[in-house]
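See below for the structure under consideration.
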Amino acid sequence: TDEWLTEDTHDTEFWFEQLEPCTTYEVRLAAHCIGVDGAYGDIVTFTTACPPPCDGIVQAVDTANVGYTSLILFWDEQPNAEGYVLLFRPHGTDQWHDAFTASAEIGLAQLEPCTTYDLLIKTLCPFGESDFSDTLSFMTACPPPCTDLPPTIDTVNVHEHSMVLFWQEIAHATGYLLLWKAHGTDDWHELEAPHAEVHLNDLEPCTAYDFKVKVLCEFGESEFTQVFTFSTGCPSATEDRLAHLLALDLLPNPFTDQFTLSLQLPQNAELELRLVHVSGQVVATRRLHLPEGAHNIGWKDLDALPAGLYLLEVRTPWGRTALPLVRMK
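If you want it as structure tokens, here you go:
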């Protein structure tokens, strides 16, 4: 270079600092006397030490504690390294993220689950840095699929204004989303539940409700189940009066594969009949427009029904009632 730096000293020794490594310097000296400056002598040279090369490039990485959104990366320590710079991104994207570590190990968090990442690593040394490594890769763990559904919904403690719904617990579920509405309407209500059981109150008596459930997982959610229909209980006083008014009768009871409902209508009317398992599940529904007078309404082909106790709900313009009947094998 052409630029000379000047330093004064009163000793025959001088300590140079902040020099460049691996660099040759030229020095010339001149004596200073009182009132007189001496001439500069011949140029002498010295060379600072050369640091070891910073050419260690990471060739491979390993992983530990691999989770859905975090993991630990580690690799072989590189010669003369005092740290490492990492660039990483989800494979196939353009946005790089950076990180620094002073050792050949680093924990990464807030990653995407089940995702392969591209990785570049550069070695940092006291007097330089290496080139970036070739593109390396690592992958986060894949969460289990959120596709399993409860095979059915069941009820217990069914009353006029309340019921308890329950279903099979699903592995890996963090919760459930229950939708319900009055049967025949479009107004769905929703409730998020932490467990596979829900207590519903403030329901209408003697009313059928539709229900379906979705499974919620940590990293996704399932489809909804099919719709299941259950009815709340009917007031006993209303049932007794209506059964007497319509002269309701069921034969045979118990039944095997069919039964007949006999009734007497005081005038033309629209009826809705629902065959309900004692659990509350509606298994069959019929709507009829009948004239005044006596009628025998047959239900056939019931071979597939499980044996047990059922209720035949009769809904009329004058009220609702439910008749018990037993299915025999």
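In our numbering, the protein residues as written are 11 to 339.
Positions of the beta carbon are idealized from the N, C-alpha and C atoms, including for glycine.
In this model, Tyr35 and Thr16 are separated by some 13 angstroms (Cα to Cα). Runs of alpha helix (DSSP H) with 4 or more residues, each lying fully within the stretch 305-333, are absent.
The continuous beta strand (DSSP E) containing Pro100 extends over residues 93-100. Beta-bridge partners of His199 (DSSP): Trp190. The residue among Ala40, Phe56, Glu202 with its C-alpha nearest the C-alpha of Thr33 is Phe56. Annotation: Arg38 is outside any beta strand (DSSP E) and is labelled neither H nor E by DSSP. Secondary structure within the stretch 47-80: not one fully enclosed alpha helix (DSSP H) run of 4 or more consecutive residues is present. Thr270 has Leu261, Gly308 as its beta-bridge partners, per DSSP.
Counting C-beta pairs with one atom in each stretch, the stretch 261-271 and the stretch 147-160 have fewer than three that are closer than 8 angstroms, which means they do not touch. Between the alpha carbons of Leu273 and Trp190 lies a gap of roughly 33 angstroms.
Assignment of Ala181 by DSSP, reduced to helix, strand and coil, places it in the coil class. Counted as a single uninterrupted DSSP element, the beta strand (DSSP E) harbouring Glu115 occupies residues 115-118. Per DSSP, the continuous beta strand (DSSP E) segment holding Asp128 begins and ends at 126-135.
By alpha-carbon distance to Trp198, the top candidate from Leu96, Phe221, Asp12, Leu298 is Phe221.
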